[in-house]
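Novice: The opening residue of the sequence shown carries number 1051 in the numbering used here; numbering runs sequentially from there. The beta carbon of each residue, even a glycine, is placed where N, CA and C say it ideally should be.
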Amino acid sequence: EGIVRGSYSFPSFGQRVELGVEVARNRLQQLTRLATDIDGDGRADRIGIPEPDATVTELRSELFARLNGQHGKQLTTEASLTGEFSRITSSYVLFPPRDYFYLKPRVDLRYALSERDRLGLVVERRVSQLQFENFVPAYDVLSNRLLAGNPGIAPETIRSVELRLEHRLAADGGSVEARLFHESIRDAIDRD
1051 EGIVRGSYSF PSFGQRVELG VEVARNRLQQ LTRLATDIDG DGRADRIGIP
1101 EPDATVTELR SELFARLNGQ HGKQLTTEAS LTGEFSRITS SYVLFPPRDY
1151 FYLKPRVDLR YALSERDRLG LVVERRVSQL QFENFVPAYD VLSNRLLAGN
1201 PGIAPETIRS VELRLEHRLA ADGGSVEARL FHESIRDAID RD
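(1) Report yes if the CB atom of R1160 is closer than 8 Å to the CB atom of R1209, and no otherwise.
(2) With a Cβ-Cβ cutoff of 8 Å, do G1092 and V1071 count as a contact?
(3) Does the distance from the CB of E1108 to the CB of I1138 come in under 8 Å?
(4) In chain order, what residues of the same chain have a beta carbon less than 8 Å from the beta carbon of S1141, not counting five sequence neighbours either side?
(5) Let me know if V1177 comes out buried or exposed under the rule of 16 or more other beta-carbons within 10 Å of its beta-carbon.
(6) Could you spell out where the beta strand (DSSP E) holding N1200 opens and where it closes?
(7) R1110: buried (16+ other C-beta within 10 angstroms of its C-beta) or exposed?
(8) Would you identify the three-state DSSP class for F1145, choosing helix, strand or coil?
(9) Can you tell me whether D1167 is helix, strand or coil according to DSSP?
Below you can see the structure in the form of structure tokens.
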């Protein structure tokens, strides 16, 4: 994977603003050859695999904006919005290039209830990066089977809400945290 990232931050309205861009290129080339003695003559016979010479390439770019601020002594905010554009091509004849666009908002609010107690709320949408090994055929030695791969995989998206209460122990002795959260997952990725 090759990544180029740039950002610029500046103060605005008593908060910190960061604007940036990231561009990445991911590529996987895999050659798979399997052979076994099928007919018992002591020679290895090649086993046919669909798309044994696989190439998968992703060009991805992200534009992002972040806003961090302190509102009085009690409230801290972090908000961001990322737009991700992705194009995936592969050597699979039946799967044409695919284009993806995702908006990934995130809001993190922290409110100091007291000197040692803090309440936090995080609402966000995350989009996973694809592992190209899931696209292509692979042989699993442990289960002694061929995993076909899935060139039609889409990135996994997770929408989450988390509420947390943190209590800091006296004399910097650590902290205790309670969390309540909910996640909604779409396009979950699994090899099996």
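Specialist: The relevant details are as follows:
(1) No, the Cβ-Cβ distance between R1160 and R1209 is not below 8 Å.
(2) No, these two residues do not count as a Cβ contact at 8 Å.
(3) yes
(4) Excluding sequence neighbours, S1141 sits near E1101, D1103, A1104, T1105 and V1106.
(5) Per the 10 Å Cβ criterion, buried.
(6) No beta strand (DSSP E) holds N1200; DSSP gives it neither H nor E.
(7) buried
(8) coil
(9) strand
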